[in-house]
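Residue numbers (the working numbering), protein chains in the order written: chain E, 1 to 256; chain P, 257 to 512.
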């Protein structure tokens, strides 16, 4: 099963992706978590210790490998992408493992003016499209905020998108855009998770603004998660939130 | 004066950019507001009526003009950018005006798998670098979430970046990344606005985590702004928030 976590900026994609990955790992699944957001830190949210994080080599820094596999020499504005890079050995060779989760990170933008991250997206697209998974294999991709990745088709090989929303119009508009764009790239299953829920009115607002049956469940607004963010800790320590994500995971498993 | 509003997803960039643009317009400045986020709606935040929004032609849909000016025929993965598109006539020809604000929008991703938005970024980069401004001209760019635009150098021609942060570690990490990347593209002035502030502890947290003198001010967490989001209304109606942005604007004007 391959799923991509997406949505407007700031809705809680990385928190949700991290807890979901940890839950699958705890049940004995082989989990590949992919941090596809140059401005996120899925490793931290997964609870990877600082010393392991410091040793992670993100895809963006594997310049030789990307140049070789996507055929992109020279600067990023004068390139021709080779569209079929070899990816089969990437998870084994380049992942970092902790808490039962195998992590692959796209990496950040190291230098201003160094170009777009199109080559990294080509590689990730190829990776998600062509990885052959076995019965208890799960790929969880934490996508970047917004919708450009859908133009690029980065996650076109996934079985489902999960759009994280909060009870506000903007993040629900993003859900509707994503749903349309996902269909364009052949992803028909687009689910919703309502995050930062404070009361029944918040739930009702989300339910009134998404497709019937799209909603996998809700996650209550949690001061613990906010404090995890401040303290650079994993949100996996918040048991209520973890229980809520577990219920969402079980519903998801029954649907795909 | 050209400024770019940036920061992590969900911090309130569009709300701030809209109020700031309206305030400059109210003081008689000629304001060009640029919506550079494919997943934002600066027009709505500026208070443009639906019927005017429906008529806006975003840069992304000016396919012929972009193809001609950036020299990018064919699909987006096999392009060679011409780096010096003609841009001088763009603000006059392609803006939509309301409430004294001239708006240019980059546009959204219309179809999944249709490619990246690199050509649009090249055009915006050229636009911000080469527009000659007069004394009472202001360009306010509302950037997309995250940091890829800094790799692309989209806003390299601005006088200053304003990074909107909220009192949490992630958005402050994004501020530090942006500051470093902005220096790479020659933008030395990087200011901070603390948004969604609930108490003095929130202010102290922001001040403790940014450079001394970087902070232009704070915006109090507002239920009105949240409700504006739900109701698709402009946040310009919230007088406390507008007063706070006015104080920030005055401090900014004294610095650039």
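Just so you know, even glycine gets a beta-carbon here, dropped at the ideal spot from N, CA and C.
Check: In chain order, what residues of the same chain have a beta carbon less than 6 Å from the beta carbon of residue 422 (chain P), not counting five sequence neighbours either side?
Finding: Counting only Cβ-Cβ distances below 6 Å, and skipping sequence neighbours, we find 267, 451, 452.
Next item on the list: Verify the CB distance criterion: does residue 229 (chain E) have a CB-CB separation below 7 Å to chain P?
Entry: Cβ-Cβ to chain P under 7 Å: yes for residue 229 (chain E).
Next item on the list: Taking the CB atoms as reference points, tell me whether residue 286 (chain P) and residue 393 (chain P) lie closer together than 7 Å.
Entry: Against a cut-off of 7 Å, the Cβ pair of residue 393 (chain P) and residue 286 (chain P) comes out as a contact.
Notebook entry, point to check: Residues of chain P with a CB under 7 Å from the CB of residue 235 (chain E): which are they?
Noted result: Those within 7 Å of residue 235 (chain E) in chain P number zero; the least Cβ separation is about 12 Å.
Item checked: Neighbourhood of residue 228 (chain E) by C-beta, 6 Å cutoff - its chain only, sequence neighbours within 5 removed -> 235.
Check: Taking contact to mean at least 3 C-beta pairs separated by less than 8 Å, is the stretch 405 to 412 of chain P in contact with the stretch 106 to 125 of chain E?
Finding: With a cut-off of 8 Å, the stretch 106 to 125 of chain E and the stretch 405 to 412 of chain P count as touching, because enough Cβ pairs lie within range.
Margin query: Between residue 433 (chain P) and residue 108 (chain E), how many whole angstroms is the CB-CB distance? I'm expecting something under 8 Å.
Written below: With a Cβ gap of about 7 Å, residue 433 (chain P) and residue 108 (chain E) count as contacting.
Checklist line | Residues near residue 308 (chain P) by beta carbon distance below 6 Å, same chain, minus five either side | finding: Excluding five sequence positions before and after residue 308 (chain P), the CB atoms of its chain that fall closer than 6 Å to its own CB belong to 354, given in chain order.
Next item on the list: Note down, in chain order, all residues in the stretch 375 to 390 of chain P with a beta-carbon under 9 Å from any beta-carbon belonging to chain E.
Entry: With the criterion set as a beta carbon lying under 9 Å from some beta carbon of chain E, the members of the stretch 375 to 390 of chain P are 377, 378, in sequence order.
Margin query: If we require 3 or more residues per run, which beta strand (DSSP E) segments fall completely within the stretch 164 to 219 of chain E?
Written below: Taken in chain order, the complete beta strand (DSSP E) segments of 3 residues or longer contained in the stretch 164 to 219 of chain E are 189 to 197.
Notebook entry, point to check: Taking the DSSP output, what are the residues bridged to residue 199 (chain P)?
Noted result: Because chain P here runs from 257 to 512, residue 199 (chain P) falls outside it and cannot be looked at.
Notebook entry, point to check: Under 7 Å, do residue 58 (chain E) and residue 96 (chain E) count as touching if we go by C-beta distance?
Noted result: No; because the gap between Cβ atoms is not below 7 Å, this pair is not in contact.
Checklist line | Beta-carbon neighbours of residue 200 (chain E), restricted to chain P and to distances below 9 Å | finding: Chain P residues near residue 200 (chain E): none, gap ~15 Å exceeds 9 Å.
Next item on the list: Compare the C-beta of residue 403 (chain P) with all C-beta atoms of chain E and state if any pair is closer than 7 Å.
Entry: Residue 403 (chain P) has a beta carbon lying within less than 7 Å of a beta carbon in chain E.
Margin query: Tell me which residue opens and which closes the beta strand (DSSP E) that residue 361 (chain P) is part of.
Written below: Element bounds for residue 361 (chain P): 357 to 361.
Item checked: Other residues of its chain near residue 215 (chain E): CB distance less than 7 Å, five sequence neighbours each side excluded -> Excluding positions up to five away in sequence, the list reads 192, 194, 206, 207.
Notebook entry, point to check: What are the boundary residues of the beta strand (DSSP E) that includes residue 288 (chain P)?
Noted result: Here the beta strand (DSSP E) through residue 288 (chain P) covers 286 to 292.
Check: Of all the CB atoms in chain P, is at least one closer than 7 Å to the CB of residue 75 (chain E)?
Finding: Residue confidence for residue 75 (chain E) is low, a pLDDT of 46 falling below 50, so the modelled location carries little weight; the figure read from the coordinates is stated next. No - not a single Cβ of chain P is within 7 Å of the one on residue 75 (chain E).
Item checked: Residue-chain proximity (residue 190 (chain E), chain P), Cβ-Cβ < 7 Å -> For residue 190 (chain E), the answer is no, since every Cβ of chain P falls outside 7 Å of its Cβ.
Notebook entry, point to check: In chain order, what residues of the same chain have a beta carbon less than 8 Å from the beta carbon of residue 389 (chain P), not counting five sequence neighbours either side?
Noted result: For residue 389 (chain P), the CB contacts under 8 Å within the same chain, skipping 5 residues up- and downstream, are 257, 258, 395 in chain order.
Margin query: Quick check on the DSSP output: the beta strand (DSSP E) that includes residue 233 (chain E) runs from which residue to which?
Written below: Segment: none, residue 233 (chain E) is in no beta strand (DSSP E) and carries neither H nor E.
Notebook entry, point to check: Which chain E residues sit within Cβ distance under 7 Å of residue 438 (chain P)?
Noted result: Within chain E, the residues near residue 438 (chain P) are 112.
Note to self: Quick check: the Cα distance between residue 244 (chain E) and residue 163 (chain E), rounded to an integer number of angstroms?
What the structure shows: Approximately 16 Å between the Cα atoms of the pair.
Check: Between which two residues does the beta strand (DSSP E) harbouring residue 354 (chain P) extend?
Finding: That run of the beta strand (DSSP E) goes 352 to 354.
Next item on the list: With 7 Å as the threshold, decide whether the Cβ of residue 406 (chain P) is near any Cβ in chain E.
Entry: By this cut-off, residue 406 (chain P) is an interface position.
Item checked: Where residue 476 (chain P) meets chain E, residues with beta-carbon distance less than 8 Å -> For residue 476 (chain P), there are no C-beta contacts with chain E under 8 Å, since the nearest C-beta of that chain is about 17 Å from it.
Check: By how many angstroms is the C-alpha of residue 274 (chain P) removed from the C-alpha of residue 298 (chain P)?
Finding: Distance between the alpha carbons of residue 298 (chain P) and residue 274 (chain P): 6 Å.
Margin query: Within the continuous alpha helix (DSSP H) that includes residue 371 (chain P), where are the two ends?
Written below: Per DSSP, residue 371 (chain P) lies in no alpha helix (DSSP H) and is assigned neither H nor E.
Checklist line | Within chain E, partners of residue 364 (chain P) - CB distance below 8 Å | finding: Within chain E, the C-beta atoms nearer than 8 Å to that of residue 364 (chain P) come from 147, 177, in chain order.
Note to self: For a quick check, are the C-beta atoms of residue 146 (chain E) and residue 404 (chain P) less than 7 Å apart?
What the structure shows: Their beta carbons are not under 7 Å apart, which means residue 146 (chain E) does not touch residue 404 (chain P) by this criterion.
Margin query: Quick check on residue 92 (chain E): does DSSP put it in helix, strand or coil?
Written below: For residue 92 (chain E), the secondary structure class from DSSP, reduced to helix, strand or coil, is helix.
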